[in-house]
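I have placed the structure first, in the form of structure tokens, so that the comments after it can refer back to it.
Residue numbers (our numbering): 369 to 791.
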């Protein structure tokens, strides 16, 4: 479970995912999948054709040559493709590429990674394949090759690129399935120079084992569908997110931004139940209950299993007998910039704890304050622009005593109010 220091440090679901994505990639989180657009879902144009050049962040190893063909639910080429019947493994798109041909060339799809891999780290690399229905032969040599910028200078690459040494290669033998997606996966230690990734068959025709699937022709080829490509740090920590306060019935986002590879690696449970999963994804949205709930994520990266938990608290919506506080509490300026004045006529020389929660329901600050002359100033210089909720916590409910003084009852209560930071 994250410590207090870490707390400081497709609808609503999509919005929450977008906000979470912006939060994480502002430099506060590790990359999960290093492959850009690993599911081939992001296109450079809304007009979907069979051209592989429409797929963002992907291209042929040699830009003068063909790499692959795109099949998409958007264009109506899925599941009834020109080469057979096939659904995407996930999303709405996948590609077709050629891994073997006895009389023609091969295709080598290339991806520019999100950033260089880190030297000395072990990575879990994976993609999924399935044979087309009209394949002549099935093969065994499926690989992934990683390299530096020199991989951007290769030409005439439709041949048998046996001089490239793949870091990951299929070890399960000849793959014959024409319906189910089969994983090609393995681990390797990075040197730190890995900037590009190429998918293909890096063995010669003679070194590639084949099995006849359909009637032999003079041209014996293996045309393969590919989907869900990922490269993930084997030791990536499981991440359920910081403990969160939320208003009951509202939705909050837990975990990482969703992405290919890391989604299938993460299974979520609502404790104390650890047998029935509630979702499979890197991040999920849940509805805040009126009671505290704890969620656990189980992460499996190439067999290395890790866990993390997150607590979702119900935010207080006011003190039980809070009319006096409500009527006397003022916050100004609102919107604020570097400081927020809190004035309360019934609080003087008393220690009060305050919490600041952001629009995602994440606790960003906890501190004790003392009201002197009914006023306290909170430093807001470190807060980014946005909407926040200030929560005042007392040892109990604020009550009016018989002598007209104010005191507290025995139950911890909270009073909250929204404010805005705008610079």
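Cβ atoms here follow ideal geometry from the backbone N, Cα and C, with glycine treated the same way.
What number of angstroms, rounded off, separates the C-alpha of residue i from the C-alpha of residue j?
i           : j           : result
residue 602 : residue 786 : 41 Å
residue 564 : residue 487 : 15 Å
residue 664 : residue 631 : 15 Å
residue 784 : residue 705 : 19 Å
residue 682 : residue 662 : 12 Å
residue 594 : residue 554 : 16 Å
residue 428 : residue 506 : 23 Å
residue 609 : residue 461 : 30 Å
residue 508 : residue 489 : 28 Å
residue 549 : residue 456 : 9 Å
residue 708 : residue 748 : 7 Å
residue 545 : residue 478 : 24 Å
residue 569 : residue 653 : 40 Å
residue 640 : residue 454 : 39 Å
residue 423 : residue 465 : 14 Å
residue 607 : residue 676 : 6 Å
residue 515 : residue 540 : 24 Å
residue 585 : residue 578 : 14 Å
residue 726 : residue 732 : 7 Å
residue 753 : residue 791 : 7 Å
residue 758 : residue 666 : 33 Å
residue 621 : residue 600 : 22 Å
residue 580 : residue 650 : 40 Å
residue 669 : residue 699 : 48 Å
residue 458 : residue 596 : 7 Å
residue 512 : residue 401 : 15 Å
residue 671 : residue 530 : 30 Å
residue 421 : residue 413 : 10 Å
residue 403 : residue 760 : 44 Å
residue 642 : residue 498 : 33 Å
residue 634 : residue 527 : 39 Å
residue 646 : residue 744 : 44 Å
residue 659 : residue 713 : 32 Å
residue 588 : residue 730 : 58 Å
residue 619 : residue 475 : 45 Å
residue 439 : residue 697 : 60 Å
Classify residue i as helix, strand or coil using the three-state DSSP reduction.
i           : result
residue 562 : coil
residue 556 : strand
residue 589 : strand
residue 572 : coil
residue 792 : Residue 792 is absent from the structure shown; the chain starts at 369 and stops at 791.
residue 606 : coil
residue 601 : strand
residue 514 : strand
residue 673 : strand
residue 408 : coil
residue 462 : strand
residue 630 : helix
residue 475 : coil
residue 422 : helix
residue 508 : coil
residue 667 : strand
residue 402 : coil
residue 594 : strand
residue 446 : coil
residue 451 : coil
residue 499 : strand
residue 698 : strand
Would you list the one or two residues that DSSP bridges to residue i?
i           : result
residue 648 : 635
residue 722 : 735, 760
residue 519 : Partner(s): none; residue 519 has no beta bridge.
residue 752 : DSSP output for residue 752 lists no bridge partner at all.
residue 746 : 708
residue 348 : What is shown of the chain runs 369 to 791, which leaves residue 348 out entirely.
residue 579 : 506
residue 621 : 653
residue 784 : 759
Contact check, residue i vs residue j under 8 Å by CB: the rounded distance?
i           : j           : result
residue 496 : residue 534 : Contact doesn't hold; Cβ gap of about 17 Å is too wide.
residue 788 : residue 702 : 6 Å
residue 482 : residue 399 : 6 Å
residue 723 : residue 738 : Between residue 738 and residue 723 the Cβ distance is about 16 Å, and since that is not below 8 Å, they are no contact.
residue 503 : residue 590 : 6 Å
residue 558 : residue 485 : 4 Å
residue 721 : residue 711 : The pair is not a contact, with the Cβ atoms about 18 Å apart (cut-off 8 Å).
residue 617 : residue 656 : 7 Å
residue 510 : residue 538 : 4 Å
Any heavy atom of the ligand ATP inside 6 Å of the beta-carbon of residue i?
i           : result
residue 753 : Although the ligand ATP was asked about, the structure shown includes no ligands whatsoever.
Next on the checklist: Would you call the stretch 548 to 565 in contact with the stretch 506 to 523, where contact means no fewer than 3 C-beta pairs closer than 8 Å?
Outcome noted: A contact between stretches requires three or more CB pairs, one per stretch, nearer than 8 Å, and the stretch 548 to 565 meets this requirement with the stretch 506 to 523.
Item to check | Cβ contact (3+ pairs, closer than 8 Å) linking the stretch 467 to 475 and the stretch 544 to 564 | outcome: Taking 8 Å as the limit for Cβ pairs, the verdict is that the stretch 544 to 564 does not touch the stretch 467 to 475.
Checklist entry - Per the contact definition of three or more C-beta pairs closer than 8 Å, is the stretch 571 to 587 in contact with the stretch 445 to 457? => result A contact between stretches requires three or more CB pairs, one per stretch, nearer than 8 Å, and the stretch 445 to 457 fails this requirement with the stretch 571 to 587.
Checklist entry - Hey, is the stretch 400 to 413 in contact with the stretch 617 to 629, meaning 3+ C-beta pairs nearer than 8 Å? => result Remark: three or more beta-carbon pairs, one from each stretch, lie closer than 8 Å, so the stretch 400 to 413 and the stretch 617 to 629 are flagged as touching.
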